[in-house]
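First up is the structure itself, then whatever we jot down about it.
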Amino acid sequence: MPITTPLTERLGITKPILLAPMAVISGARLVQAVGNAGGFGILGGGYGERAWLEQETAKLKQTTRSSFGIGFITWSLAKQPELLDVALDAKPRAIMLSFGDPKPFAPRIKSAGALLICQVQDEEMARQALDAGADILIAQGSEAGGHGASRTTIDIVPAVVDIAAGRVPVVAAGGIADGRGLAAMMMLGASGVSLGTRFYASIEADAADEAKRRICEATGGTTFRGVVFDWSRKIFWPAPFNIRCVVNDHARRWMGREVELLQNVDAVAVEYAAAREAGNFDVAGVIAGEAAALIHDIPPAAEIVERIVTEAEQILQGRRNSVTA
1262 MPITTPLTER LGITKPILLA PMAVISGARL VQAVGNAGGF GILGGGYGER AWLEQETAKL
1322 KQTTRSSFGI GFITWSLAKQ PELLDVALDA KPRAIMLSFG DPKPFAPRIK SAGALLICQV
1382 QDEEMARQAL DAGADILIAQ GSEAGGHGAS RTTIDIVPAV VDIAAGRVPV VAAGGIADGR
1442 GLAAMMMLGA SGVSLGTRFY ASIEADAADE AKRRICEATG GTTFRGVVFD WSRKIFWPAP
1502 FNIRCVVNDH ARRWMGREVE LLQNVDAVAV EYAAAREAGN FDVAGVIAGE AAALIHDIPP
1562 AAEIVERIVT EAEQILQGRR NSVTA
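For the sequence shown, the numbering used here assigns the number 1262 to the initial residue and increments by one for each residue that follows.
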């Protein structure tokens, strides 16, 4: 049986799977692929590169057959709020905000007719998002790749579900890459899941083949959360957020020596930028979560969506059968 939830009904989609807005990795091609497969693609607006945002939203306006969203890092958007106008001009179904107070942007989003999706990492953030008028909450656990905080997915999801109390759908994020994860999160009260790392290792993701290969080779113990890769780019995030990436030579060099890294940040940043430009992932970071341990291939995004939903349907149907037997 198809999985119908408050999330699918709110977004008008057929599968309760969201593409996480991975900065520049979740480009128009991946957004379209997830949307065409029945999920909901969210463009990775990230820190707000205007040229990239205009380019990718133009592609979506011209070619997409499904609704889509656009995601931003909230504290960075506050430095260039005019980018929200670029996003809204593309007529997205939703705008997603993460890592900051959504309230200053909520009126513009709502007046444009878009839904407001807020990603949160604790109960206070969830309440703040609801007060701002969030239509959907994403409860993100520390297992997630990229930026996040310290609460685990299995802890934060039911806590946010309780706070939402049925008023808005809650989506689970962090450590999820297959149908078992979707089924488990639905048992905790979530209406769907948001996937980053699993879609990073897809054909349509705008990422280097070597980065995708390293995700497939990673295990749960070969990712870590910290400040090394942010500081190496001279990006300084507000507390309590830091970034999870795959451990590589650069991480091993500086983990535990973060103060020294900061003291030498100008030289490190030059070295790091050169490595990124050259595609040297012994230095450049591959942003991935603990779900990498469950990822062993690089299929089309549509296959990922179908695979996860089919597996979850079988698990949930099996549970229903066991309860009624």
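Every residue, glycine too, gets a C-beta built ideally from N, C-alpha and C.
Subject >> Expected contact under 8 Å - CB spacing of A1405 and G1435 to nearest Å >> reply: Here residue 1405 is taken as the residue at index 144 of the sequence shown, counted from 1. Here residue 1435 is taken as the residue at index 174 of the sequence shown, counted from 1. That belief holds up - the Cβ atoms of A1405 and G1435 are roughly 4 Å apart, short of 8 Å.
**OP:** For the beta strand (DSSP E) containing L1456, list its first residue and its last residue.
**Re:** By one-based count along the sequence shown, residue 1456 stands at place 195. Unbroken beta strand (DSSP E) run through L1456: 1453-1456.
Original post:
Hey, out of L1398, L1523, I1504, whose CA is closest to G1550's CA?
Top reply: Taking the first residue of the sequence shown as 1, we reach residue 1550 at position 289. When only C-alpha atoms are compared, the closest one is I1504.
Original post:
Who are the Cβ neighbours of I1286 in its own chain at under 7 Å, not counting the five residues just before and after it?
Top reply: Within the sequence shown, the letter at position 25 stands for residue 1286. Closer than 7 Å at the Cβ level, and outside the excluded window around I1286, lie G1305, Y1461, A1466, D1467, A1468.
Original post:
Near F1485, which residues of its chain fall below 8 Å by C-beta distance, leaving aside the five closest residues on each side in sequence?
Top reply: Position 224 of the sequence shown, counted from the first residue, corresponds to residue 1485. Cβ within range, chain order: R1505, C1506, V1508, A1512, M1516.
Original post:
Does the segment 1411-1419 come close enough to the segment 1444-1460 to have 3 or more Cβ pairs within less than 8 Å?
Top reply: With a cut-off of 8 Å, the segment 1444-1460 and the segment 1411-1419 count as touching, because enough Cβ pairs lie within range.
Subject >> the segment 1323-1335 contacting the segment 1488-1495, beta-carbon criterion three pairs below 8 Å >> reply: no
Original post:
Whole-angstrom Cβ separation of V1292 and L1314, contact assumed at under 8 Å?
Top reply: The residue you call residue 1292 lines up with position 31 of the sequence shown. The residue you call residue 1314 lines up with position 53 of the sequence shown. Actually they do not touch by this definition, with Cβ atoms about 12 Å apart.
Subject >> Range covered by the beta strand (DSSP E) that runs through A1433 >> reply: Translated into the one-based positions of the sequence shown, residue 1433 becomes position 172. Segment 1431-1434, the beta strand (DSSP E) holding A1433.
Original post:
E1567: which of R1459, A1536, V1488 sits nearest, CA to CA?
Top reply: Taking the sequence shown and counting its residues from 1, one reaches residue 1567 at position 306. Measuring from the Cα of E1567, the nearest candidate turns out to be R1459.
Original post:
Just reading off the beta strand (DSSP E) that V1332 is part of, what are its end residues?
Top reply: The count along the sequence shown starts at 1 and reaches residue 1332 at position 71. Note that residue 1332 is Gly in the sequence shown, not Val. Start and end: 1329-1334.
Original post:
Beta carbon of A1375, beta carbon of R1354: below 9 Å?
Top reply: Along the sequence shown, one-based indexing puts residue 1375 at 114. Along the sequence shown, one-based indexing puts residue 1354 at 93. Closer than 9 Å, so yes.
Original post:
In this structure, does DSSP put F1485 in helix, strand or coil?
Top reply: Taking the first residue of the sequence shown as position 1, residue 1485 is located at position 224. Of the three classes helix, strand and coil, the one that applies to F1485 here is strand, per DSSP.
Original post:
Looking at R1290 and L1344, is the spacing between their C-beta atoms short of 9 Å?
Top reply: As a working mapping, residue 1344 is identified with position 83 in the sequence shown. As a working mapping, residue 1290 is identified with position 29 in the sequence shown. No, Cβ-Cβ distance for L1344 and R1290 is not below 9 Å.
Original post:
Where DSSP assigns a beta bridge to C1506, which residues make up the other side?
Top reply: By 1-based counting over the sequence shown, the position of residue 1506 is 245. BP columns for C1506 point to F1485, I1548.
Original post:
Between which two residues does the alpha helix (DSSP H) carrying M1447 extend?
Top reply: Translated into positions along the sequence shown, residue 1447 becomes position 186. That run of the alpha helix (DSSP H) goes 1440-1448.
**OP:** Could you tell me whether the Cβ atoms of L1358 and T1335 are closer together than 9 Å?
**Re:** Translated into the one-based positions of the sequence shown, residue 1358 becomes position 97. Translated into the one-based positions of the sequence shown, residue 1335 becomes position 74. Yes.
**OP:** Note down the Cα distance separating S1403 from V1418, rounded to an integer number of angstroms.
**Re:** Reading the sequence shown from its first residue, position 142 is the one you call residue 1403. Reading the sequence shown from its first residue, position 157 is the one you call residue 1418. A direct Cα-Cα distance of roughly 11 Å separates S1403 from V1418.
Original post:
Can you tell which of A1536, Y1533, I1476 has its C-alpha closest to the C-alpha of I1559?
Top reply: Stepping through the sequence shown from its first residue, residue 1559 is reached at position 298. Residue I1476 is the option with its Cα nearest to I1559.
**OP:** Determine the DSSP secondary structure at F1366, reduced to helix, strand or coil.
**Re:** As a position in the sequence shown, residue 1366 is number 105, starting the count at 1. In this structure, F1366 counts as coil in the three-state DSSP scheme.
Original post:
What do you get for K1473, buried or exposed, if any count of 16 or more other CB atoms within 10 angstroms of its CB means buried?
Top reply: On the sequence shown, position 212 is the one that residue 1473 refers to. So K1473 counts as buried.
Original post:
Are three or more beta carbon pairs between the segment 1533-1546 and the segment 1262-1280 nearer than 8 Å?
Top reply: no
Subject >> Coarse secondary structure for M1357, derived from DSSP in three states >> reply: Here residue 1357 corresponds to residue number 96 of the sequence shown, with the count starting at 1. If DSSP states are grouped into helix, strand and coil, M1357 belongs with the strands.
Original post:
Can you tell which of I1576, A1438, Q1578 has its C-alpha closest to the C-alpha of L1555?
Top reply: Position 294 of the sequence shown, counted from the first residue, corresponds to residue 1555. The shortest C-alpha separation from L1555 is found at A1438.
Subject >> Helix, strand or coil at G1407 according to DSSP, with G and I counted as helix >> reply: What you label residue 1407 is simply residue 146 of the sequence shown in a count that begins at 1. Strand, per DSSP.
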